[in-house]
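Asks: Under this note's numbering, the first residue of the sequence shown is numbered 1424, with each subsequent residue one higher.
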Amino acid sequence: MALTATVYRLQIQLSDVDRGVYQALDLRMAQHPSETARYLLTRTLAYALSFEEGLAFSKGGLSAVDEPPLSLRDPTGRWLAWIEIGMPSADRLHKATKQAPRVELYTTQELTPLLRELESRSIHRQAEIAVWQIEANFVAGLEAKLQKNLNFELTRSDGQLWANIDGDAIEGAIRRRSLDPANPA
């Protein structure tokens, strides 16, 4: 018997002070059987922290290898933003930068393996990729509170993230990193 996706309803009161975005988000998130809770929550955070009208999750989910996990398209279907989660390969990032003018990566992982891969490979417009490294403990704190219906407040200000879930506060850092070999951050 095939395993089915688990569906979560995540209601987020977003206060992104750094970008001036204040929005109530009501998301239905399908967790593929092979998807970890960490990946699901990083996907959710990427959506919230990149939110703008028209941002969408991939229709094919994890199995859509030719699509980004999150994207923004213009009315003609052309990609405006390609947003990756986790630790994609250099080839995938190269493809993304060829397809979309804006490429972002949200991860909780150390960038060392990707940076090592980049020593022998190049990515088109590599220096323009916005890499957002979220403190793994922040996502682990959210994971401990994850339930099928979850309502929480999410705030980003000055490189810090705060989540308030039923009066419990979770705090962590989000750092902008660079894949530019001439200017690593």
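The beta carbon of each residue, even a glycine, is placed where N, CA and C say it ideally should be.
1. Compare the Cα-Cα distances from E1476 to each of R1599, V1440, L1448 and report the closest residue.
2. Counting along the chain, where does the alpha helix (DSSP H) carrying Q1434 start and finish?
3. In terms of residue numbering, what span does the beta strand (DSSP E) encompassing A1504 cover?
4. If you check the beta carbons only, do L1493 and I1552 fall under 8 Å apart?
5. Give me, in chain order, the residues of the same chain whose beta-carbon lies closer than 8 Å to that of D1497; leave out the 5 immediate sequence neighbours on both sides.
6. Taking the alpha-carbon positions, what's the L1478 to E1533 distance?
7. So is Y1445 buried or exposed if we call it buried at 16+ other beta carbons inside 10 Å?
8. Given a cut-off of 8 Å, decide if T1531 and T1459 are closer than it, judged by their beta-carbon atoms.
9. Going by the beta-carbon positions, is the gap between G1595 and N1560 smaller than 8 Å?
10. Apart from the five residues just before and just after R1525, which ones in its own chain have a Cβ nearer than 6 Å to its Cβ?
11. Considering only residues of the same chain and omitting the five flanking positions on each side of V1562, which have a CB-CB separation below 8 Å?
Replies: With the given structure in hand:
1. Mapped onto the sequence shown, residue 1476 falls at position 53. Checked all of R1599, V1440, L1448; the closest Cα to E1476 is L1448.
2. Reading the sequence shown from its first residue, position 11 is the one you call residue 1434. From DSSP, Q1434 is part of no alpha helix (DSSP H) but of the beta strand (DSSP E) over 1429-1439.
3. Mapped onto the sequence shown, residue 1504 falls at position 81. 1502-1508 is the extent of the beta strand (DSSP E) around A1504.
4. The sequence position of residue 1493 within the sequence shown is 70, counting from 1. The sequence position of residue 1552 within the sequence shown is 129, counting from 1. It is not a contact, given that the beta carbons lie outside the stated cut-off.
5. Reading the sequence shown from its first residue, position 74 is the one you call residue 1497. Within the same chain, D1497 has close Cβ partners L1503.
6. Here residue 1478 refers to the residue found at position 55 of the sequence shown. Here residue 1533 refers to the residue found at position 110 of the sequence shown. Cα-Cα distance, rounded: 26 Å.
7. For the purposes of this step, residue 1445 is taken as residue 22 along the sequence shown, with counting starting at 1. Under this definition Y1445 is an exposed residue.
8. The residue you call residue 1459 lines up with position 36 of the sequence shown. The residue you call residue 1531 lines up with position 108 of the sequence shown. No, the Cβ-Cβ distance between T1459 and T1531 is not below 8 Å.
9. Within the sequence shown, numbered from 1, the residue matching residue 1595 stands at position 172. Within the sequence shown, numbered from 1, the residue matching residue 1560 stands at position 137. Closer than 8 Å, so yes.
10. As a position in the sequence shown, residue 1525 is number 102, starting the count at 1. A1504, listed in sequence order.
11. As a position in the sequence shown, residue 1562 is number 139, starting the count at 1. Cβ neighbours of V1562 beyond the five flanking positions: R1461, L1464, T1465, L1468, T1531, G1595.
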